[in-house]
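The working numbering runs 248 ahead of the 1-based position in the sequence shown.
We treat Cβ as the ideally placed atom computed from N, Cα and C, and that holds for glycine.
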Amino acid sequence: MSAELARQRYLRRHMEPGLPASPRSKAWRNVLVVPAYREAARWLERLQALPQNAGNTLVILVLNRPDSDPDDN
């Protein structure tokens, strides 16, 4: 199986519908994947404060809210 086919299958199975696509021609120098669940607002503010001049850095915020979690929290 080619790497491209494997990537497409993975995205079909795991990517949330409606998310913006990353430019295919973009090369990322750094990737930061951050799992999040019930984080305080100040934590998100810190994430936004990451240096904007860090080069080609992709930040992926993975929201890990289970379906069983009530919506009011």
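On the three-state DSSP scale, how would you describe leucine 298? coil
Rounded to whole angstroms, how far is the Cβ of arginine 261 from the Cβ of tyrosine 285, which I believe are closer than 8 angstroms? Actually they are not in contact, since the Cβ atoms of arginine 261 and tyrosine 285 sit about 21 angstroms apart, beyond 8 angstroms.
Classify leucine 253 as helix, strand or coil using the three-state DSSP reduction. Correct three-state label for leucine 253: helix.
What residue does the beta strand (DSSP E) around proline 283 start on, and which one ends it? In the DSSP assignment, proline 283 falls within the beta strand (DSSP E) that extends over 278 to 284.
Relative to the C-alpha of arginine 272, which residue among Gly303, Gln256, Pro265 is closest? Gln256
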